[in-house]
Amino acid sequence: MSRTRIVSASAALLLVAACAPTLGPPPPPPPPRGPPPSAGAFRAEDFSWSAVPGPGRIEGRLAYKAGQVRYSCSGAGVVLTPETPWTRRRMTILYTSAERAALPADEVRARTPSAPSGDYSAFVKRTVCDQNSRFSFSGLASGAWYVITVAKPVGGPGPDIAIMKRVEVRGGRVVAVDL
């Protein structure tokens with residue numbers, strides 16, 4: 191290639207490059223939004239997602255049995271607690287699991303003092319089991335929740351059982367829950 195062609199090609203490339211738009215420096219990173227959620231500290235803002243009404247619904251029933259003894263939650267309260275790092279840690283301490291458990295209620299109560307404390311009652315939803323041990327929650331935001339109740343033996347001896355199960359609500363669908 192001749193020197194003239196090389197110089198002409200280089201000049202053409204410089205001209206094209208000069209016409210290319212410049213994007214400037216990259217934008218600055220977003221400002222920090224506060225410390226990340228901590229399992230050890232109660233933070234009301236970690237629960238804020240659960241306070242926004244949504245289209246989610248949980249339809250539940252208690253079907254728990256221990257051997258031949260059937261259990262019921264008829265007339266008992268059912269609690270729905272939003273999952274946050276703090277509540278996940280609390281469930282792990284109280285129920286020795288953050289997914290599901292069925293333990294004697296006295297054992298769970300005995301661990302309560304060692305569980306982290308905080309006023310999360312404003313974010314907890316409550317209902318009552320009907321005579322058929324069924325319950326429901328509606329108007330739920332998408333996310334993970336803990337369903338908790340205490341079941342009593344029907345027609346036989348046995349301790350009261352605290353039952354907990356983690357449930358995910360997504361996209362406004364009805365979630366069927368068997369405890």
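Going by the working numbering, the sequence shown opens with residue 191, and the numbers climb by one from there.
Using N, Cα and C, we set each Cβ at its ideal position, and we do this for glycine too.
Report the partner residues of residue i according to the DSSP bridge assignment.
i, result
"Phe325", "Gly250"
"Ala352", "Leu293 and Val340"
"Glu358", "Ala334"
"Asp368", "Arg251"
When you compare the CB positions of residue i and residue j, do they come within less than 9 Å of one another, or not?
i, j, result
"Pro272", "Ala334", "yes"
"Tyr285", "Pro343", "no"
"Trp276", "Tyr254", "no"
"Val340", "Gly267", "yes"
"Ala331", "Val357", "no"
"Val141", "Gly346", "Only positions 191 to 369 of the chain appear in this structure, which leaves residue 141 out of reach."
"Ala312", "Ala241", "yes"
Excluding the 5 residues preceding and the 5 following residue i in the sequence, name in chain order all residues of the same chain whose CB lies nearer than 8 Å to its CB.
i, result
"Ser326", "Arg247, Ile248, Glu249, Gly250 and Thr317"
"Ser304", "Ile283"
"Trp239", "Pro272, Ala331 and Gly333"
Considering only residues of the same chain and omitting the five flanking positions on each side of residue i, which have a CB-CB separation below 6 Å?
i, result
"Pro395", "Here the chain comprises residues numbered 191 to 369, so residue 395 is not present and cannot be evaluated."
"Arg290", "Lys355"
"Arg278", "Ala288"
"Leu252", "Cys263, Ser323, Ala341 and Leu369"
I'd like to know whether the C-beta of residue i is nearer than 9 Å to at least one C-beta of chain D.
i, result
"Arg247", "Note that chain D does not occur in the displayed structure, where there is just one protein chain."
Quick one: what's got a C-beta closer than 7 Å to residue i's C-beta in the same chain, skipping five residues either side?
i, result
"Gln321", "Ser264"
"Arg301", "Ile283 and Leu284"
"Lys315", "Leu270 and Phe327"
"Val364", "Arg247 and Glu249"
Contained alpha helix (DSSP H) runs [length at least 4] in the stretch 251-335, N- to C-terminal order | 275-285 and 295-301
Does the stretch 283-302 come within contact of the stretch 341-356, defined as at least 3 CB pairs closer than 8 Å?
-> yes
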